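Beneath this line is the structure, given in structure tokens, with notes to follow.
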Amino acid sequence: MESRPATAPDQLAGMDTERLRKRFLVENLFRPGEEVRLTYSHEDRIVVGGVAGPAELPCPGELRSAYFLERRELGVVNVGGPGAVTVDGVRHELGAREVLYVGRGARQVSFDGRFYLVSTPAHTSHPTVKATLDDAEAVRLGSRDGSNERTIYKFIHLKGIQSCQLVLGVTVLEPGSMWNTMPCHTHERRTEVYFYFDLPESDRVVHLMGPPDATRNLIVAPEQAVISPYWSVHCGFGTRSYAFVWAMGGENQAYDDVEPVAIGDLR
Numbered sequence: 028m029e030s031r032p033a034t035a036p037d038q039l040a041g042m043d044t045e046r047l048r049k050r051f052l053v054e055n056l057f058r059p060g061e062e063v064r065l066t067y068s069h070e071d072r073i074v075v076g077g078v079a080g081p082a083e084l085p086c087p088g089e090l091r092s093a094y095f096l097e098r099r100e101l102g103v104v105n106v107g108g109p110g111a112v113t114v115d116g117v118r119h120e121l122g123a124r125e126v127l128y129v130g131r132g133a134r135q136v137s138f139d140g141r142f143y144l145v146s147t148p149a150h151t152s153h154p155t156v157k158a159t160l161d162d163a164e165a166v167r168l169g170s171r172d173g174s175n176e177r178t179i180y181k182f183i184h185l186k187g188i189q190s191c192q193l194v195l196g197v198t199v200l201e202p203g204s205m206w207n208t209m210p211c212h213t214h215e216r217r218t219e220v221y222f223y224f225d226l227p228e229s230d231r232v233v234h235l236m237g238p239p240d241a242t243r244n245l246i247v248a249p250e251q252a253v254i255s256p257y258w259s260v261h262c263g264f265g266t267r268s269y270a271f272v273w274a275m276g277g278e279n280q281a282y283d284d285v286e287p288v289a290i291g292d293l294r
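Per the numbering used here, residue 28 is the first one in the sequence shown, and the count goes up by one each step.
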């Protein structure tokens with residue numbers, strides 16, 4: 028498991044492209060035939076990972092725990108074809124863009140398929156729950172003339188699958204739309220991670236990050252993730268339409284607890 032330190036906003040000005048990518052961009056999440064690949068961020072201690080199974084969820088020594096979910100919870104998103112996740116002997120079939128929440132205390136988790144993983148610390152246990160797109164709370168936003176028609180599917184949140192602190196969903200852009208999360212915002216009380224997928228290998232997303240008055244950008248390939256600390260905006264546009272998983276961990280779970288940033292205030 029790779030470890031990433033937390034970053035203060037005043038450090039950003041001294042970072043070149045290579046350092047920005049090393050600190051905030053999570054690449055190479057999927058390597059077929061290998062074990063689950065994990066990255067531990069000290070921003071709210073979020074762990075993100077990828078697996079192209081079959082494989083089992085390991086327990087890296089850095090967690091100092093007897094098993095991965097001893098003090099954690101886990102969100103699993105199917106970003107491939109039909110697959111399955113087995114939790115303590117119970118098999119859960121997942122289709123494309125479907126989600127499985129695994130609560131604290133589950134001891135054995137194995138994967139058969141292509142899955143994106145997000146984990147946050149947990150202080151209590153909640154049941155393991157599967158959700159399809161039909162189960163999610165769907166919110167349509169944007170407009171055609173703004174090139175940002177999209178549907179936000181909320182899976183793990185206050186009114187959906189219950190968790191300790193993890194909040195997770197999937198946003199799907201309509202054909203011809205490229206912008207996401209604009210106007211943008213920051214989260215004073217949470218860290219957010221975007222994982223971009225369902226984008227042809229030859230295409231890219233230009234992801235904007237950094238303080239609103241001093242933004243930077245990352246060129247993101249399909250199936251890569253970006254870590255966004257509380258002080259950083261997180262939005263972007265692609266060379267064509269795509270989908271992305273958004274996941275948050277931190278002090279509260281209120282979806283609309285954000286600090287809006289007007290487009291005219293971006294620099």
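A virtual CB, placed ideally from N, CA and C, is assigned to each residue, including glycine. Only a predicted model underlies this, so the values are computations on that prediction, with no experimental measurement involved.
Reduced DSSP secondary structure (H/G/I, E/B, other) of D139: Judged by DSSP in its simplified three-state form, D139 adopts strand.
What residue does the alpha helix (DSSP H) around E45 start on, and which one ends it? E45 -> alpha helix (DSSP H) spans T44 to F51.
Expressed to the nearest angstrom, what Euclidean distance is found between the alpha-carbon atoms of D172 and Y257? When rounded, the distance between both Cα atoms is 30 Å.
If you compare alpha carbons, which of R50, S255, K181 and N55 is closest to Q280? It is K181 whose Cα lies nearest to the Cα of Q280.
Is DSSP giving L296 helix, strand or coil here? Absent from the structure is residue 296, since the part of the chain shown begins at 28 and ends at 294.
Suppose the cutoff is 8 Å on Cβ atoms and the five residues either side in sequence are ignored; what does the same chain contact list for S170 look like? Answer for S170: E176, listed in chain order.
If you follow the beta strand (DSSP E) that M205 is in, where does it begin and where does it stop? For M205, there is no enclosing beta strand (DSSP E), since its DSSP letter is neither H nor E.
To the nearest angstrom, how far is it from the Cα of F57 to the Cα of R64? Those two C-alpha atoms are separated by around 7 Å.
Just the Cα atoms here: how many angstroms apart are T66 and A79? So the two alpha carbons sit approximately 16 Å from each other.
For A252, write down the residues that DSSP places opposite it in a beta bridge. Its beta-bridge partners are V53 and F222.
Mark T155 as exposed unless 16 or more other C-beta atoms lie within 10 angstroms of its C-beta, in which case mark it buried. By the 10 Å Cβ count, T155 comes out buried.
Would you grab the beta carbon distance between V145 and I73 for me? Rounded to a whole angstrom, and I think it's under 8 Å. That pair is a contact at about 7 Å.
For the stretch 198-205 against the stretch 258-278, are there 3 or more C-beta pairs whose distance is under 8 Å? With the cut-off at 8 Å, the stretch 198-205 and the stretch 258-278 touch.
Tell me the DSSP secondary structure of P304 in three-state form. Since the first residue of the chain shown is 28 and the last is 294, residue 304 is not available in this structure.
Starting from the Cα of A123, find the closest Cα among M42, D71, E97 and V199 and give me that residue. Ranking M42, D71, E97 and V199 by CA distance to the CA of A123 puts V199 first.
Let me check one thing: in DSSP terms, what residues is R217 bridge-paired to? According to DSSP, R217 bridges with G277.
In this structure, how does DSSP classify I290 when only helix, strand and coil are distinguished? DSSP places I290 in helix when its eight states are reduced to three.
Could you spell out where the beta strand (DSSP E) holding T178 opens and where it closes? In the DSSP assignment, T178 falls within the unbroken beta strand (DSSP E) covering R177 to I183.
Which same chain residues end up closer than 7 Å to E215 when comparing Cβ atoms and leaving out the 5 residues on each side of it in sequence? Closer than 7 Å at the Cβ level, and outside the excluded window around E215, lie Y257 and E286.
Taking A248 as the reference, which of F271, H69 and E125 has the closest Cα? Nearest C-alpha to A248: F271.
Around the C-beta of E54, are 16 or more other C-beta atoms found within 10 angstroms, so that it is buried, or is it exposed? Under a 10 Å Cβ-count criterion, E54 is classified as exposed, with fewer than 16 other Cβ atoms of the shown protein chains found around its own Cβ.
DSSP bridge partner residues for V126 (one or two, in chain order): Answer is V104 and A158, bridged to V126.
With DSSP as the reference, identify every bridge partner of V260, one or two as the case may be. The partner list for V260 (beta bridge, DSSP) is empty, contrary to what the question assumes.
Cα-Cα separation, A163 to E125: If you take the alpha carbons of A163 and E125, they lie about 9 Å apart.
In this structure, does DSSP put E70 in helix, strand or coil? In this structure, E70 counts as coil in the three-state DSSP scheme.
Supposed close pair V114, F142 - CB separation, criterion 8 Å: Approximately 13 Å separates the beta-carbon atoms of V114 and F142; this is outside 8 Å, ruling out the contact.
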